[in-house]
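Asker: Starting off with a structure, shown below.
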Amino acid sequence: MQQTWFLIVTLGYIHTVLTLPQTLRALEDEEGKALAFLEEEERILAEKCFEAAEASWNYNTNINDVNQQKELNASLEYSKFAKMFWQNLNSKFKSWPDFKDPDLKRRFIRATVLGSSALPEEDLVQYNQLESNMKKTQSTTKVCAYEDPANCNLSLDPDVKKIMKESRDEKELRHMWSEWHNKCGNKIRKPYEQFVKLSNQAARLNNFSDTGLYWLREYESATIKEDFEKLYDVLAPLYKQIHAYARAKLRNVYGDQFSSDGLIPAHLLGNVFASNLDGVYSLLIPYPKRVSIDVTEAMRAQGYTQLKMFQKSDEFFTSLGLIPMPEEFWAKSLIVKPKDREVICHATAWDFCNGKDFRIKQCTEVNMRDFITVHHEMGHIQYYLQYKDLPHIYREGANPGFHEAVGDTLALSVQTPKHLKEIGLLDQATQIDDYETSINFLMAIALKKVASLPFAYIIDKYRWAIFDGSVDPSEYNSYWWKLRKEYQGIKPPVERSEENFDPGTIYHVASHVDYSRYFAATIIQFQFHRSLCKEADQYDPQDPLKPLYNCNIYRSKAAGSKLAAGLAMGASRPWPDVMKSMTGQEIMDGSAIREYFKPLEEWLEIRNAQLGEVPGWASIYELNLTVASDMEWRLAAILGLCLLASAYSLPSVSLSEENDLETKARLILDEYNRQSSEACFKSASANWNYAVNINDDNEKIKLRESLENTKFQKESWKNISSQFKTRDSFKDPVLKRMFQKISITGMSAAALPEEKLKEFQQIKSTMAKIYSTAKTCAYENQSQCNLPLDPDVTQIMKESRDEKKLRHAWLEWHDKSGVEIRKFYKPYVDFSNEIARITNFSDAGAFWLREYESDTIKEDIEQLWQTLKPFYQQMHAYVRAKLSETYKDQITEDGLIPAHLLGNMWAQSWEHIYPLVVPFPEKASIDVTEQMKQQGYTPLKMFQKSDEFFTSLGLIPMPPEFWKESLLEKPKDREVVCHASAWDFCNGKDFRIKQCTVVTTEQLVTVHHEMGHVQYYLQYKDQPLVFRRGANPGFHEAVGDTLALSVTTPKHLKEIGLLDESTPTDDYQTSINFLLAMALEKIVFVPFGYLIDKYRWDIFDGTVKETEYNAYWWKLRKEYQGVKPPSTRTEEHFDAGAKYHVPADVEYLRYFVSHVIQFQFHRSLCKEAGQYDAQDPLKPLHNCDIYRSKAAGAKLAAGLAMGSSRPWPEVMKVMTGQEKMDASAIREYFKPLEDWLVLENAKLAQTPGWQS
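Numbering-wise (our numbering), the sequence shown opens with residue 1 and increments by one.
What follows is the structure, encoded as structure tokens:
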């Protein structure tokens, strides 16, 4: 029984095995035959496609009747074959709907759609002719010029487009808009009516009810129209914010063109079609003084050609590991508009169906806009390359929007400031990551992308309604403007009627190309971008330093691989499958575009409220109703803004939850910046008036305004800090930095009660007044006691060689100024420390050092000094030896030099004793004081010469206010504070210098130093007030001195005619003389620049008691400088107070830092100017003159413009490539002198050093 059962089962199995394969094999044979047939027919179809594409290309690139007829013939032949191909396919394989192979079945489904080829031949000929004629009309229409109506040969590209983009003459814009629409659209209207009928006939033959549904088939969704409407609804709020802002800004330019309906006249939008707002960016830019990302000028300056633009694009694609353009592309593309024939200029990418011939036709111009278009078109070619090995029927985008999105996705990286820096079209030093520059950048992109969305949607929404019969031909133009008003919020500039056909002026209407692809592309390119940026690790929604809009996927093979995988699928899978492989999503989704533009949208909401603009407009349905007046229209927004309450005139924000706290903070800080600038101007003006006219009345006003400014800062900080208690957790690093800086200003202002504050201000004012008005008695006539420091005492110290006279002048000044100041200094120290401690610093010294943003700054400064000390000691030894020849009895065995013998009241620099120490006296001197006087130099001319040096570098010239308001000479009728100083009046235009200038070489250098401050003010004047400072205090002091290193070179003095051309300047001995003169100013200053603040740090932190003020001063001067007082000093004296910066409450470390970093700046700029090469002995650093070098100027300006918006090491890196202060540059500059000093001191038997 078991065996019988086994036999039955076995026989049944054998029967099944024998009969089932026969059925399967029959089906497999049918599908195999179908596949073989399909592949052969597709091969022939590809050949026919090539022939048709070639004929179409020839016509598009050379419009004439012969080529038009050839194109029509080739198109007809292709249609005939396509039709025959389907008939053969359908007759041979009628069972194809039952095929099991899903891919084969998909190919059959796609092959059933014949398009216009389904038409009978006679109708097809008419269809093709109509389409060709409409396209020809759109491409060859000429219009008449506004200025010269007889000149009627202006074409759309480039003439009309250029006028619409660049002209700001409303009448010219209106004329050109009307000319183009009337000359082009009107001609197309009649053929378009005929064409619609034939197009719908073709659609029905393809089993679609109308052409609109035929177009939409490629989205493979029954709800695609509803999906598009929902996407528009998601994005409409952002578009309406942009529209409202644009309306407000354009109203400022074309006020009489705007009415209460809120609609914008279409001719004012920088584009003949009003398809986007890109052309009016210059009128809408949020922060005009910020850097522009339009690199058109840079492209032209760098010799970009049309070819180079395409090569750069190809390099971007290949950097991702994508396929490079084939040889045929470079050989056969048309990328420049020819001058000898008409062409269809609309940029297009072409696939010639043979897997190797791909071309672009574009009338390219060298500008930023076309550079982006190049990437767009190259994206099409890359898509062709990726899917070229698929069956012919699949060589299309996953849906039409995919094809348009590829190049645009990459362009989102290409146009980032980050990438433009990467490829050298933005200077490396250009600041791009601040909030205002980011808003400018996002606005520029939004005007292209977001502003195009309603236009991209309504072109097909309009045609769907025409194709399905909802719109009668008698309503073609009125319905067009109904949609444009409803969705775009625009209206025609002149009355339109049904004689016109304004949509026909658009290439895609005349050429019968569906346009919803661009709507879809604009959305999905941001989905692609978000996905690829994550893949490239360039975007993290949780990291504020990696925003989506700043992502650049350049060189990311991971991103390229992900992109290629999706492109290579072509249309072989439904687009949601392809979308999922590329983004992880299966739908088109507006969240990515909203995410990208989120900072801009938040900014727009606040800005529109400030401008009184209500987003939206009166649609076509509302125009017959009573609308509010323009003032009423805006009143709602103003009332909304008025809800922002005020404490001390600063708004207190209570916006919706949708606006995050950081956006609110920016609004508050914008207003703070405005009011703080006004308060600063008042205080600076009062201080200036006192400094240039010292009297009791001006002193009272100065103190009053200073107190008011302090009160303002106190109240402002109280208001701001109460609203933003979580400011330390802000993500935006720039915003956080602003709050940190404002907090210090506010807390220090709030530190003292008003009475104490008044007392503190009075103490500082009194000390400064004592210093500035002190008078001394003459050596020769002790009863003449009216000699001020400048110029009298200073001149004595500089020029006299009488040791007793020098000693007298030194003692007079120190006793008459310092002694009087001493009694005020201890209270000043106590108040300063009290403020510092309340501001969370241990003492006033630590408060000063905060601007260096380093916990190790004291140690870093000490290390810099130790690096330079051996060189200083060589200088000291040499000068000591030379001075002993003049003042033999003054130089003693301790090795210390008496301070009164060094040509300067404070022995801080020794350049005035140069004649006593010059190494080679017979060589030419670089002191050109006499030449300046002989050539009629005045103080004004000295400043004009300095200004000319700055502008020769491409830097900003001094504004009119500078020349009008500055005090450049000491007046004879009043007391002034003669200490040279530069002033910023905080309003972005008023900058001044106060200097009791005399005509000398030394003062020419001082002029450049002070002008350097003003240049810094000019460069960062558009920063928020809190960032209008040097990157650190030393940066500000270094700018002018850096340029002075060029100005004082013998080479430059020859250049400007202050040294005779025949004067030898490049021999060894002259170079040593020059370097010693420079070292007497620069190197010998270093220990003095250090010890003044080291002295005060030790007073502030309590290390030094009041009873040791003077003893400790001389302890440091002996230890660091190797100098001593000319006579015994006691604690009755206060010799530190005889130096301006001590009673004036000005930290001094800035000058030490400046003397180090100015040589770093100089070395970097000299390399940039091609004036220094460490390997070339003919280009030493000390001989570099950067005069007229725009490259050096650009590098300098880039660093200066940053102000203190970034930590100083970042600014230093921009300017030098280094991130720290480094003494190597100064040692490098003086190396020939240092080598000479070592040998010379050995000859003189001088041992460097002294007994401290």
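C-beta atoms are modelled at their ideal positions from N, C-alpha and C, and glycine is treated no differently.
These numbers were taken from a predicted model, which means no experiment stands behind them.
Give the DSSP-derived three-state secondary structure of ILE335 in the structure shown.
Answerer: coil
Asker: Cα-Cα, which of ASP340, PHE329 and GLU862 is closest to LYS356?
Answerer: PHE329
Asker: Excluding the 5 residues preceding and the 5 following CYS1166 in the sequence, name in chain order all residues of the same chain whose CB lies nearer than 8 angstroms to its CB.
Answerer: TYR1172, LEU1181, CYS1184, ILE1186 and ALA1192
Asker: Bridge partners of TRP350, per DSSP?
Answerer: Its beta-bridge partners are ARG359.
Asker: Do LEU89 and PHE50 have their C-beta atoms closer together than 9 angstroms?
Answerer: Against a cut-off of 9 angstroms, the Cβ pair of PHE50 and LEU89 comes out as no contact.
Asker: With H, G and I counted as helix, E and B as strand and the rest as coil, what does DSSP make of THR776?
Answerer: In the structure shown, the three-state DSSP call for THR776 is strand.
Asker: Taking three-plus beta-carbon pairs below 8 angstroms as touching, is the segment 1060-1078 in contact with the segment 903-922?
Answerer: Note that the segment 1060-1078 touches the segment 903-922; at least 3 beta-carbon pairs, one per stretch, sit closer than 8 angstroms.
Asker: Since LYS1304 is in the alpha helix (DSSP H), which residue starts that stretch and which ends it?
Answerer: Residue 1304 cannot be examined here, being either before or after the span of the chain that is shown, 1 to 1252.
Asker: Between VAL1211 and ALA1169, what straight-line distance do the alpha-carbon atoms span, to the nearest angstrom?
Answerer: 19 angstroms
Asker: Assign ILE891 to one of three DSSP states: helix, strand, or coil.
Answerer: When DSSP states are grouped into helix, strand and coil, ILE891 belongs to the coil group.
Asker: Measuring alpha carbon to alpha carbon, tell me which of ILE838, GLU759, LYS989 and ALA665 ends up nearest PHE681.
Answerer: Comparing alpha-carbon positions, the option among ILE838, GLU759, LYS989 and ALA665 lying closest to PHE681 turns out to be LYS989.
Asker: So who's on the other strand from LYS858, going by DSSP bridges?
Answerer: Answer is none; LYS858 lacks a bridge partner.
Asker: Put TRP480 into one of helix, strand or coil per three-state DSSP.
Answerer: helix
Asker: Report, in whole angstroms, the separation of the C-beta atoms of LYS775 and PRO788, which I expect to be a contact under 8 angstroms.
Answerer: 6 angstroms
Asker: Quick one: using the 10 Å Cβ neighbour count with 16 as the cut-off for buried, is THR112 buried or exposed?
Answerer: exposed
Asker: Quick one: grab the DSSP three-state call for SER1164.
Answerer: helix
Asker: Measure the C-alpha to C-alpha separation of ALA1245 and PRO1050 and round it to an integer number of angstroms.
Answerer: ALA1245 and PRO1050 have their alpha carbons spaced roughly 32 angstroms apart.
Asker: Here's a check: name, in chain order, each residue in its chain whose Cβ is nearer than 6 angstroms to the Cβ of THR861, leaving out the five neighbours to either side.
Answerer: Looking at the sequence provided, one finds Ile at residue 861 rather than Thr. Nothing listed; no residue qualifies.
Asker: Less than 9 angstroms between the beta carbons of LYS142 and SER155, yes or no?
Answerer: yes
Asker: Does the Cβ-Cβ distance between ALA571 and ARG110 come in under 9 angstroms?
Answerer: yes
Asker: In three-state DSSP terms, what is ALA645?
Answerer: Confidence is the limiting factor: at ALA645 the pLDDT is only 29, short of 50, which leaves the residue's position unreliable, though a coordinate-based value still follows. Strand, per DSSP.
Asker: Sort HIS1162, VAL1007, ILE1157 and GLU613 by Cα distance to LYS249 and report the nearest one.
Answerer: GLU613
Asker: If we count the other Cβ atoms within 10 Å of its Cβ and call it buried at 16 or more, is LEU1233 buried or exposed?
Answerer: With 16 or more other Cβ atoms within 10 Å, it is buried.
Asker: Exposed or buried, which one is LYS725 when buried takes at least 16 other CB atoms within 10 Å?
Answerer: exposed
Asker: So what's ALA836 in DSSP terms, helix, strand or just coil?
Answerer: helix
Asker: Please go through the same chain and pick out, in chain order, the residues whose beta-carbon is closer than 7 angstroms to the beta-carbon of THR1089, but skip the five residues on each side of it.
Answerer: One detail in the question is off: residue 1089 reads as Gly in this sequence, not Thr. Only TYR1148, TYR1151, PHE1152 and HIS1155 meet the Cβ criterion.
Asker: Note down, in chain order, each residue of its chain lying with its Cβ closer than 6 angstroms to the Cβ of SER199, except the 5 sequence neighbours on either side.
Answerer: Excluding the 5 residues flanking it on each side, SER199 has same chain C-beta neighbours closer than 6 angstroms at THR211, in chain order.
Asker: Are the CB atoms of HIS267 and SER511 nearer to each other than 9 angstroms?
Answerer: no
Asker: Output yes or no for whether 9 angstroms exceeds the beta carbon distance between PRO1087 and LEU1018.
Answerer: Taking 9 angstroms as the Cβ cut-off, PRO1087 and LEU1018 do not qualify as a contacting pair.
Asker: Expressed to the nearest angstrom, what Euclidean distance is found between the alpha-carbon atoms of LYS882 and PRO870?
Answerer: Straight-line Cα distance between these residues: approximately 19 angstroms.
Asker: In the structure shown, what three-state DSSP assignment does PRO574 receive?
Answerer: coil
Asker: Please name the residue or residues paired with LYS1124 in a DSSP beta bridge.
Answerer: PRO898
Asker: Looking at the structure shown, is VAL494 part of a helix, part of a strand, or coil, going by DSSP?
Answerer: Three-state result, VAL494: coil.
Asker: My assumption, with CB atoms under 8 angstroms, is that ILE668 sits in contact with VAL1026. Please give the rounded CB distance.
Answerer: The pair is not a contact, with the Cβ atoms about 13 angstroms apart (cut-off 8 angstroms).
Asker: Within a Cβ cutoff of 6 angstroms, which residues of the same chain sit near LEU567, ignoring the five residues on either side of it in sequence?
Answerer: TYR383 and GLN386, listed in sequence order.
Asker: Is the number of C-beta pairs between the segment 302-312 and the segment 360-368 that are closer than 8 angstroms three or more?
Answerer: yes
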